[in-house]
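Written out below as structure tokens is the structure these notes cover.
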Amino acid sequence: MIQLIVGSKGSGKTKKMIDMINASAKTTPGNIVCIEKSMKLTYDIDHAARLIDVDEYKIEGYDKLYGFVAGVLAGNYDIVEVYLDGILKIGNHDMEGLGNILDAFNALVGENVKMVVTVSADESALTDSVKKYL
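Note that this note's numbering numbers the sequence shown so that position 6 is 267, with each residue one more than the last.
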């Protein structure tokens, strides 16, 4: 299941995601993973959530990101929630490719894993392939 948090820069997307992670860390029986570009959230998220910096692994572009997330999920079957902050930064601001990667993630996680993704863009700028996840 894919859920998007959409808004322009500075609109509180990351703060909302942090609140979701911290609430889930207290109640969710499985593992929670937060993937971000740079380690900005180190002191903001509950220690029960695993924080991963894609820059550490030289992940750029949607294809590499998909492979990375698939590997993380394959390596730990107890992951029940994945939070991905700043997908457009990782995907080099490719708005057309965003719909494709969200479709691929949706097929990957199915109904077993909740995936929350922040998208730094106005809702009006989103393509129909992205809007279906709102």
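For glycine and all other residues, C-beta sits at the position ideal for the given N, C-alpha and C.
Inclusion of K274 and I282 in the CB contact set at 8 angstroms is not warranted, their separation being larger than that value. Secondary structure of A310 (DSSP, three-state): strand. In this structure, I279 sits near L302, with a CB-CB distance shorter than 8 angstroms. The residue from K276, L363, Y323, H308 with its alpha-carbon nearest to that of K375 is L363. In this structure, the CA atom of T288 is about 15 angstroms from the CA atom of V343.
Ranked by Cα distance from M262, the first of D305, S299, F366 is F366. For A309, the CB contacts under 6 angstroms within the same chain, skipping 5 residues up- and downstream, are A286 in chain order. When rounded, the separation of the alpha-carbon atoms in A331 and K298 is 17 angstroms. One alpha carbon belongs to L326, the other to D346, and they sit about 12 angstroms apart.
For L345, the uninterrupted beta strand (DSSP E) segment begins and ends at 340-346. A Cβ-Cβ contact shorter than 8 angstroms links V294 with I340.
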